[in-house]
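Novice: The structure under discussion is supplied below as structure tokens; questions concerning it will follow.
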Amino acid sequence: MTDKFGIVVTGVSGRMGQTLVGLLAGHAGARVTGALERPGHAWVGQDLGTAMGGAATGVRVTDDAQGALQGAGALIDFTAPAATVAFAQIAAAHGIVHVIGTTGMTDADLAAIDACADRAVIVRAGNMSLGVNLLVQLTRQVAAALDADYDIEVIEAHHRHKVDAPSGTALMLGQAAADGRGVTLADVSDRGRDGITGARKRGDIGFAAIRGGDIVGEHDVLFAADGERIVLRHMATDRSVFARGAIKAALWGHGRTPGHYAMLDVLGLS
Numbered sequence: 059m060t061d062k063f064g065i066v067v068t069g070v071s072g073r074m075g076q077t078l079v080g081l082l083a084g085h086a087g088a089r090v091t092g093a094l095e096r097p098g099h100a101w102v103g104q105d106l107g108t109a110m111g112g113a114a115t116g117v118r119v120t121d122d123a124q125g126a127l128q129g130a131g132a133l134i135d136f137t138a139p140a141a142t143v144a145f146a147q148i149a150a151a152h153g154i155v156h157v158i159g160t161t162g163m164t165d166a167d168l169a170a171i172d173a174c175a176d177r178a179v180i181v182r183a184g185n186m187s188l189g190v191n192l193l194v195q196l197t198r199q200v201a202a203a204l205d206a207d208y209d210i211e212v213i214e215a216h217h218r219h220k221v222d223a224p225s226g227t228a229l230m231l232g233q234a235a236a237d238g239r240g241v242t243l244a245d246v247s248d249r250g251r252d253g254i255t256g257a258r259k260r261g262d263i264g265f266a267a268i269r270g271g272d273i274v275g276e277h278d279v280l281f282a283a284d285g286e287r288i289v290l291r292h293m294a295t296d297r298s299v300f301a302r303g304a305i306k307a308a309l310w311g312h313g314r315t316p317g318h319y320a321m322l323d324v325l326g327l328s
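Start counting the sequence shown at 59; every next residue gets the next number (my numbering).
Listed below in structure tokens is the structure:
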């Protein structure tokens, strides 16, 4: 076990945290060496396995990131923007791979993360599944092939507990469409329609967010013109697709030159 790549998981009590821990328990090349939760959380101080309702693992849940990262090779982080920025600084100080699946970050958050990329490998993506990253590529190609006669709409659906909208994946897809069209997303983004909004503006890229139930993640990119529609779709039915991608990114980043990478780099699609 000791020769396996050591990974610290943040937010271990959450959906993604527990999914990551479960996958790493049976992974051939990596293992959990640290488990982080926020200060005051009920799991802090408990054995990770016991806290999850299973057998003891010997890994204790802690709120001490500095201590948890000692000797680790990577940190996998699906938390909140402020926490992720703080983790980026600590991970960079330790020189370990930081895999970021956190969404909802501001430009200031991203700038703070970028500032750490000269000391460590950072892999950040709004979505870490292979299928979604292929969808990003297809969206860019289709947008490049079709002119503004085709209206572009990005429609996403997630569970009722998701706190940010549009989703990070929806924004990735919108950015890919804008890149394909050769425009700046901020100039053409339409994120809210309510009341008398007037006709749709030619060339805009629209976003719509659905929240309900336990939807893991569904994303459509609609290209609509007079007489026809093209729909590119990805549906995730299990969080493990994101967790597997994050683990793959952590292993890929080991030994790489410090820098800020995307999941497309990990998958060889960039």
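We treat Cβ as the ideally placed atom computed from N, Cα and C, and that holds for glycine.
In this text the structure is predicted, and so the values were computed from the model without any measurement.
Give the secondary structure of D278 by DSSP, where H, G and I count as helix, E and B as strand, and everything else as coil.
Specialist: strand
Novice: Taking DSSP as the reference, what is the three-state secondary structure of I268?
Specialist: strand
Novice: For G80, does the three-state DSSP call read helix, strand or coil?
Specialist: helix
Novice: Quick check on M59: does DSSP put it in helix, strand or coil?
Specialist: Residue placement at M59 cannot be trusted, given a pLDDT of 47 that sits under 50; what the coordinates show is reported in the next sentence. DSSP places M59 in coil when its eight states are reduced to three.
Novice: Tell me A88's beta-bridge partners as DSSP assigns them.
Specialist: F63
Novice: Rank L127, K259, G226, L229 by C-alpha distance to the C-alpha of L94 and give the top, closest one.
Specialist: L127
Novice: Closest to L192 by C-alpha separation, out of A320, L243, K62, would be which residue?
Specialist: A320
Novice: May I ask you to report which of helix, strand or coil DSSP gives S247?
Specialist: strand
Novice: How would you label H219, buried or exposed, when you count the other beta carbons within 10 angstroms and need 16 or more for buried?
Specialist: exposed
Novice: Roughly how many whole angstroms lie between the Cα atoms of G33 and D237?
Specialist: Nothing about residue 33 can be read from this structure; the chain reaches only from 59 to 328.
Novice: Kindly list the residues whose CB is nearer than 6 Å to the CB of G75, restricted to its own chain and excluding five residues on each side of it in sequence; keep chain order.
Specialist: V67, G69
Novice: Going by DSSP, what residues sit across from G290 in a beta bridge?
Specialist: Residue 290 is actually Leu in this sequence, not Gly. Answer is V279.
Novice: Could you give the residue range of the beta strand (DSSP E) that holds R182?
Specialist: 179-182
Novice: By Cβ distance below 7 Å, which residues in the same chain neighbour K306 in space, the five residues on each side in sequence not counted?
Specialist: V324
Novice: Would you check if the distance between the CB atom of V200 and the CB atom of L231 is smaller than 8 Å?
Specialist: no
Novice: Indicate whether the contact test is met: 3 or more Cβ pairs, each with one atom in the segment 257-277 and one in the segment 148-165, closer than 8 Å.
Specialist: no
Novice: From A141 to A166, what does the alpha carbon distance come to, in whole angstroms?
Specialist: Using only the alpha carbons, I get a separation of about 14 Å.
Novice: Can you tell me which residues form a DSSP beta bridge with I263?
Specialist: I210, S247
Novice: Can the beta-carbon of G125 be found less than 8 Å from the beta-carbon of H216?
Specialist: The answer is no: Cβ separation not under 8 Å.
Novice: As a quick exercise: from N185, R287, G311, pick the residue whose alpha carbon is nearest that of R297.
Specialist: Closest by C-alpha distance to R297, out of N185, R287, G311, is N185.
Novice: Pop quiz: T77 and A301 are said to be a contact at Cβ under 8 Å. What is the actual Cβ separation, rounded to whole angstroms?
Specialist: 4 Å
Novice: Between the beta-carbon of T160 and the beta-carbon of D122, is there less than 8 Å?
Specialist: no
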